[in-house]
Amino acid sequence: MVSRTDRSPVANWWWTIDRWFLGAFLLLMGLGVVLSFAASPAVADRIGLSSFHFVTRQIVYMLPAVVVMIGVSFLSPRLVRRLALVMLVGALALMVLTLFAGMEVKGSRRWLHIFGVSIQPSEYLKPAFVVICAWLFHEHARQPEIPGNLFAMLLLGLVIALLVAQPDLGQTMLVLGTWGAMFFIAGMPWLWIAVLGALGAGGAFLAYTIFPHVADRIDRFLTGEGDTYQVDMSIEAITRGGWFGRGPGEGTVKRILPDSHTDFVFAVAGEEFGIIILLIILSIFAFVVLRGLSKARREEDDFTRYAVSGLVILFGFQSIINMGVNVRMLPAKGMTLPFISYGGSSLIAMAISMGFVLALTRRKPEKRRPVAYAQPAGREAVAG
Amino acid sequence: MTGASEYTHDTDTSAVRRGAATIVMDGAGKARGGRAQNRVVMAMAVIFGIYAALGGRLVHLAMQEEPEASLPAARVTASRPDLVDRNGEVLATDIKTASLFAEPRRIVDIDEAIEKLSTVLPDLNYQQTYRRLDSDAGFVWLRRQLSPRQQADILALGIPGLGFRTEKRRFYPGGPTASHIVGLVNIDNKGIAGIEKFVDDQGLADLQATGLAVEGHLEPVRLSLDLRVQHIIRDELVQALDRYKAIAAGAVVLNARTGEVVGMGSVPDYDPNNPVNALDKDRLNRMSAGVFEMGSTFKLFTTAMALDSGLVSINDSFDATRPIRIGGFTINDFHGKRRVLSVPEIFIYSSNIGTAKMADVVGIDGHRAFLQKIGLLGRLPTELPEVALPTEPKTWKKINSITISYGHGMATTPLQTAVAAAAMLNGGKLFPPTFLPRTEAEANEIAEQVISPKTSAEMRYLFRLNTEKGSGRRAEVEGYYVGGKTGTAEKVVNGRYSNNVRFNAYIAGFPADDPDYVVLVFVDEPKPERDGISATAGMNAAPMVRNIIRRSAPLLGVKPEFGQESNALLVSQQ
Numbered sequence: 092m093v094s095r096t097d098r099s100p101v102a103n104w105w106w107t108i109d110r111w112f113l114g115a116f117l118l119l120m121g122l123g124v125v126l127s128f129a130a131s132p133a134v135a136d137r138i139g140l141s142s143f144h145f146v147t148r149q150i151v152y153m154l155p156a157v158v159v160m161i162g163v164s165f166l167s168p169r170l171v172r173r174l175a176l177v178m179l180v181g182a183l184a185l186m187v188l189t190l191f192a193g194m195e196v197k198g199s200r201r202w203l204h205i206f207g208v209s210i211q212p213s214e215y216l217k218p219a220f221v222v223i224c225a226w227l228f229h230e231h232a233r234q235p236e237i238p239g240n241l242f243a244m245l246l247l248g249l250v251i252a253l254l255v256a257q258p259d260l261g262q263t264m265l266v267l268g269t270w271g272a273m274f275f276i277a278g279m280p281w282l283w284i285a286v287l288g289a290l291g292a293g294g295a296f297l298a299y300t301i302f303p304h305v306a307d308r309i310d311r312f313l314t315g316e317g318d319t320y321q322v323d324m325s326i327e328a329i330t331r332g333g334w335f336g337r338g339p340g341e342g343t344v345k346r347i348l349p350d351s352h353t354d355f356v357f358a359v360a361g362e363e364f365g366i367i368i369l370l371i372i373l374s375i376f377a378f379v380v381l382r383g384l385s386k387a388r389r390e391e392d393d394f395t396r397y398a399v400s401g402l403v404i405l406f407g408f409q410s411i412i413n414m415g416v417n418v419r420m421l422p423a424k425g426m427t428l429p430f431i432s433y434g435g436s437s438l439i440a441m442a443i444s445m446g447f448v449l450a451l452t453r454r455k456p457e458k459r460r461p462v463a464y465a466q467p468a469g470r471e472a473v474a475g
Numbered sequence: 145m146t147g148a149s150e151y152t153h154d155t156d157t158s159a160v161r162r163g164a165a166t167i168v169m170d171g172a173g174k175a176r177g178g179r180a181q182n183r184v185v186m187a188m189a190v191i192f193g194i195y196a197a198l199g200g201r202l203v204h205l206a207m208q209e210e211p212e213a214s215l216p217a218a219r220v221t222a223s224r225p226d227l228v229d230r231n232g233e234v235l236a237t238d239i240k241t242a243s244l245f246a247e248p249r250r251i252v253d254i255d256e257a258i259e260k261l262s263t264v265l266p267d268l269n270y271q272q273t274y275r276r277l278d279s280d281a282g283f284v285w286l287r288r289q290l291s292p293r294q295q296a297d298i299l300a301l302g303i304p305g306l307g308f309r310t311e312k313r314r315f316y317p318g319g320p321t322a323s324h325i326v327g328l329v330n331i332d333n334k335g336i337a338g339i340e341k342f343v344d345d346q347g348l349a350d351l352q353a354t355g356l357a358v359e360g361h362l363e364p365v366r367l368s369l370d371l372r373v374q375h376i377i378r379d380e381l382v383q384a385l386d387r388y389k390a391i392a393a394g395a396v397v398l399n400a401r402t403g404e405v406v407g408m409g410s411v412p413d414y415d416p417n418n419p420v421n422a423l424d425k426d427r428l429n430r431m432s433a434g435v436f437e438m439g440s441t442f443k444l445f446t447t448a449m450a451l452d453s454g455l456v457s458i459n460d461s462f463d464a465t466r467p468i469r470i471g472g473f474t475i476n477d478f479h480g481k482r483r484v485l486s487v488p489e490i491f492i493y494s495s496n497i498g499t500a501k502m503a504d505v506v507g508i509d510g511h512r513a514f515l516q517k518i519g520l521l522g523r524l525p526t527e528l529p530e531v532a533l534p535t536e537p538k539t540w541k542k543i544n545s546i547t548i549s550y551g552h553g554m555a556t557t558p559l560q561t562a563v564a565a566a567a568m569l570n571g572g573k574l575f576p577p578t579f580l581p582r583t584e585a586e587a588n589e590i591a592e593q594v595i596s597p598k599t600s601a602e603m604r605y606l607f608r609l610n611t612e613k614g615s616g617r618r619a620e621v622e623g624y625y626v627g628g629k630t631g632t633a634e635k636v637v638n639g640r641y642s643n644n645v646r647f648n649a650y651i652a653g654f655p656a657d658d659p660d661y662v663v664l665v666f667v668d669e670p671k672p673e674r675d676g677i678s679a680t681a682g683m684n685a686a687p688m689v690r691n692i693i694r695r696s697a698p699l700l701g702v703k704p705e706f707g708q709e710s711n712a713l714l715v716s717q718q
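If you're matching them up, the sequences are chains U and B in order. Count along the first sequence from 1, add 91, and you get the number used in our numbering. Count along the second sequence from 1, add 144, and you get the number used in our numbering.
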């Protein structure tokens with residue numbers, strides 16, 4: 092294949108990239124395409140599109156997503172930071188624009204229609220936000236006189252304000268959770284953890300009291316009463332599937348399960364392909380997150396550590412919320428399953444996000460420099 | 145140094161080298177880096193825990209049985225025992241049918257599904273079916289109890305989301321022949337009428353509820369009915385309905401020694417296999433669920449009462465010269481002889497005046513007590529659920545006793561009347577009628593002696609006399625010594641007795657010297673068979689009795705006796 096001695100960027104990329112990550116992401120994207128054949132024709136039929144409307148679009152988005160992911164993975168950490176900064180500024184601007192010019196869908200303004208393509212700026216905001224926060228934490232740690240943490244908090248406040256204004260409470264929770272996890276990893280004192288935990292609980296309570304639909308969903312989840320239709324259908328789909336599934340195309344709950352191609356693709360996969368496949372999907376997500384954190388733990392560069400852990404935690408939280416809702420462990424909340432659910436913005440943004448992870452986890456020869464640097468001292472010590 | 149020791153040395157150095165590197169790094173960012181590493185480990189633990197919980201939940205879901213509860217709740221209909229007649233002929237049996245259900249959420253195209261289904265089930269209601277299929281229900285019945293052909297046709301349509309469930313369906317091979325006795329089941333195979341309901345009430349329903357009524361393990365229930373006699377009865381009734389243009393007719397053949405109902409019919413009836421009209425008011429079982437003023441047939445009870453009281457002897461006579469006037473009513477005779485009549489004459493001429501006078505001898509209280517004793521004032525105890533309560537005056541006055549003595553002013557069911565008449569003829573033993581087999585010994589055990597055997601013997605004599613010389617001549621069947629009493633009751637129309645709307649009845653026993661069977665026939669609102677003859681019981685009910693006896697007596701094993709005439713015949717042939 093590519094020679095070890097080849098020094099071209101591609102060869103360099105090939106020998107330094109984390110192939111386990113790459114494999115996992117490509118596997119998930121492939122599963123996304125396969126599962127869209129199961130999940131989306133039913134939805135397309137229901138809303139009167141041609142059966143394979145969403146399948147085609149999923150594939151059409153998947154190709155640029157792969158290209159984007161691999162393209163981004165070529166970037167150096169510095170370029171990652173810059174790209175993230177550009178994305179963050181762009182996404183923030185678009186989100187402000189969304190509040191005024193966005194399409195209103197089901198009471199929320201989350202989508203922007205530009206040049207015939209509808210995009211969801213908040214999807215692009217998330218990875219950029221994580222990377223920039225990682226950078227801010229890193230700067231603060233490196234030079235405590237720089238108020239990195241404060242900036243990070245201000246940025247969080249801004250992002251959350253924009254998300255709540257849409258309103259998109261799912262993304263808000265996701266961003267909050269990810270930011271909190273990053274801050275935690277970045278060495279937040281336990282006192283702060285307590286304070287922020289209290290604030291988070293207060294915020295959750297506030298959301299419960301202010302937004303009736305949030306209260307409604309929580310109540311339904313806790314009491315099991317009221318309209319738990321979607322989740323009931325989802326559970327039924329999974330239990331009908333059993334260990335080995337009903338077989339491709341044999342699913343029936345998908346016909347009546349709303350959002351079966353986005354939020355409930357996991358349940359559709361369960362009905363047709365079985366719980367074993369679900370466990371495999373779950374394991375892939377867990378593998379990505381744990382491997383990412385494990386790499387972050389061994390990582391010496393703070394920025395990379397925070398950024399990688401933040402990105403994989405974002406990825407992990409999103410998958411956890413989606414799967415948790417599907418198996419009725421969490422209150423109903425619309426959240427896409429990374430790489431698998433249908434959704435152009437989500438897919439491309441996730442590709443960028445995981446491209447960042449790939450870029451940041453490439454083996455960096457310069458990291459051994461301290462070791463090399465210490466070598467003479469060591470040898471002398473032994474010799475001496 | 146040897147090469148080997150150099151190698152060892154190198155290894156040592158590299159180990160130290162790593163140590164040194166660590167030391168350097170720790171020196172560079174010990175506090176921060178170490179803490180971050182711990183924090184990452186904590187985060188990993190938490191996230192691993194969450195994923196493990198999700199995995200556990202999935203395994204838990206996989207362990208669960210498929211939620212059948214939300215899908216077809218198994219409604220396999222209950223098994224029922226066959227009903228057979230006394231000779232083992234099947235009256236009712238279970239057959240398996242397919243019932244069509246749909247799982248609406250699996251129906252791809254509702255319009256297409258209904259359109260295709262309509263080719264097999266043309267009477268499918270589009271609106272209603274659409275509503276059902278459009279719901280999110282997991283299971284809806286579309287059509288119960290289809291024929292095998294329909295099932296095959298629907299399967300051939302290949303509509304997804306439809307399925308069949310095998311259900312039991314009750315089938316009555318005889319159709320309407322014994323409909324009122326056998327009864328009916330509902331769509332869930334539960335008995336709702338007749339003996340079917342009786343069988344359920346005997347504990348079959350409980351058995352089914354506990355799931356013990358296992359298919360194929362139910363002993364057939366044998367009835368006292370004789371399907372052949374039953375058929376004859378219904379055949380004669382249907383003919384009579386047509387011949388006399390009557391609104392209804394009914395008949396019962398009762399075993400006089402055991403109380404077993406050998407056959408009973410009431411037309412118009414219904415086909416239990418397609419009981420669309422079973423609930424029509426007109427189609428009730430008039431024999432047990434209808435009450436009628438029986439008219440002159442009631443005189444047999446008055447006569448028996450008078451004779452049994454000891455106050456009247458069969459050789460006594462009563463003056464029937466003049467009508468009785470009481471309370472503004474005039475009691476007159478239909479076939480008035482205008483002379484003093486002996487008791488047998490009163491009976492065979494069916495004299496209202498004479499009968500009223502006989503009742504007067506017994507008195508009001510005695511009259512009522514007698515009717516009470518022979519079961520004409522209470523609900524008839526039997527297996528059939530459809531039993532009407534007889535009516536009687538709230539307070540018995542003299543006028544009531546007088547009218548009741550000849551069958552007006554109180555109403556009883558025909559079956560009840562036949563049962564009481566059997567007691568008058570069989571030696572005085574009253575037992576409730578039964579639709580299940582009963583031996584004579586069993587009957588004697590429960591029998592209640594209501595009149596003396598002597599009175600009963602006198603009643604047989606009167607019965608026979610009436611057929612030989614009185615109004616019942618047209619009931620005679622040669623060799624069977626039919627004895628009987630006619631009754632032509634005027635029906636109440638708009639609160640007044642009308643003299644051309646009638647309820648005719650005939651009660652017979654045969655052979656009259658010691659009756660094996662009692663036959664009661666009634667025909668409601670008969671018209672004259674042809675111009676020039678009247679529509680009295682002797683002209684319609686009596687011939688119906690004759691036909692029934694003539695056709696069924698040989699089947700019932702009653703030996704014809706041709707007496708002196710046959711002896712003479714034998715002698716002459718020698």
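We treat Cβ as the ideally placed atom computed from N, Cα and C, and that holds for glycine. The structure presented is a predicted model; accordingly, all values stated were derived computationally and were not measured.
Going by CA-CA distance only, name the one from Leu119/U, Pro280/U, Gly278/U and Val250/U that's closest to Leu267/U. Val250/U
Within its chain, find whatever has a CB closer than 8 Å to the CB of Ile470/B; leave out the 5 residues flanking it on each side and keep chain order. Contacts found: Lys542, Ile543 and Ile546.
Of the residues Val365/B, Tyr195/B and Phe308/B, the one placed nearest Pro719/B, counting alpha carbons only: A question about residue 719/B goes unanswered here, because the residues of chain B that appear run from 145 up to 718.
With DSSP as the reference, please indicate the residues paired to Gly627/B in a beta bridge. Gly653/B
On the premise that Pro339/U lies in contact with Glu363/U, defined as a C-beta separation below 8 Å, what is that separation, rounded to the nearest angstrom? 6 Å
Residues that DSSP places opposite Leu348/U in a beta bridge: According to DSSP, which records beta bridges pairwise, Leu348/U is partnered with nothing at all.
Thr343/U versus chain B: which residues are under 7 Å apart at the beta carbon? Arg249 and Arg250
In the region 364-377 of chain U, which residues sit with their C-beta less than 9 Å from some C-beta in chain B, listed in chain order? Gly365, Ile366, Ile367, Leu369, Leu370, Leu373, Ser374, Phe376 and Ala377: these are the residues of the region 364-377 of chain U whose beta carbon lies less than 9 Å from some beta carbon of chain B, given in chain order.
In the DSSP assignment, find the beta strand (DSSP E) that holds Phe308/B and state where it starts and stops. Leu306 to Phe315
Val365/B bridges to which residues according to DSSP? Leu227/B
For the region 326-355 of chain U, which residues have a beta carbon sitting closer than 8 Å to at least one beta carbon of chain B? Ile326, Glu327, Ile329, Thr330, Arg331, Gly333, Trp334, Thr343, Val344, Arg346 and Ile347
In terms of alpha-carbon separation, which member of Ile309/U, Phe447/U and Gly123/U lies closest to Tyr397/U? Phe447/U
CA-CA distance, Lys174/B and Ala180/B? Confidence in Lys174/B is poor, its pLDDT being 46 and thus under 50, which makes the residue's placement unreliable; the coordinate value appears in the next sentence. Distance between the alpha carbons of Lys174/B and Ala180/B is about 10 Å.
Show which residues of chain B have a CB atom less than 7 Å away from the CB atom of Ile276/U. Against Ile276/U, the close residues of chain B are Ala180, Arg183, Val184 and Ala187, in the order they occur along the chain (beta-carbon pairs closer than 7 Å).
Which of the residues in the region 271-287 of chain B, read from start to end, lie with their CB under 8 Å from any CB of chain U? Residues Asp280.
Where Ala377/U sits in the DSSP three-state scheme: helix
Residue range of the unbroken beta strand (DSSP E) whose run includes Leu371/B: Segment Leu371 to Arg387 is the alpha helix (DSSP H) holding Leu371/B; no beta strand (DSSP E) there.
Inter-residue Cα distance where the pair is Met207/B and Lys345/U: A straight-line Cα-Cα distance of about 21 Å links Met207/B and Lys345/U.
With a 10 Å radius around its C-beta and 16 neighbouring C-beta atoms as the bar for buried, classify Trp36/U as buried or exposed. Coverage of chain U is limited to positions 92 through 475, which leaves residue 36/U absent and any answer about it impossible.
Excluding the 5 residues flanking Trp105/U on each side, which residues of the same chain have their C-beta closer than 7 Å to its C-beta? Val93
For Asn691/B, count neighbouring C-beta atoms within 10 Å of its own C-beta (all shown protein chains included) and say buried if the count is 16 or more, exposed if not. buried
Determine the contact status of Ile404/U and Val379/U, defining contact as a CB-CB distance below 8 Å. no
Counting along the chain, where does the alpha helix (DSSP H) carrying Arg169/U start and finish? Arg169/U -> alpha helix (DSSP H) spans Pro168 to Ala192.
Within the chosen definition, does the region 216-224 of chain U reach the region 179-191 of chain U through at least 3 CB pairs nearer than 8 Å? yes
Which residues in chain B have a C-beta closer than 8 Å to the C-beta of Ser400/U? List them in chain order. Val184 and Ala187
Which of the residues in the region 407-429 of chain U, read from start to end, lie with their CB under 7 Å from any CB of chain B? Gly407, Ile411, Met414, Gly415, Val418 and Met420
Complete runs of the beta strand (DSSP E) confined to the region 375-461 of chain B [at least 3 residues]: 392-399 and 405-411
What is the DSSP secondary structure of Phe355/U, counted as helix, strand or coil? coil
In whole angstroms, what separates the C-alpha of Gln560/B from that of Asp278/B? 55 Å
Mind the definition here: the region 457-465 of chain B touches the region 481-496 of chain B only if three or more C-beta pairs lie below 8 Å; say whether that holds. yes
Answer with yes or no whether the minimum CB distance from Leu306/B to chain U is below 8 Å. no
Pick from Lys635/B, Lys671/B, Tyr624/B and Thr630/B: whose alpha carbon is nearest that of Gly741/B? Summary: the structure shown does not reach residue 741/B, with chain B confined to residues 145 through 718, and so no result is reported for it.
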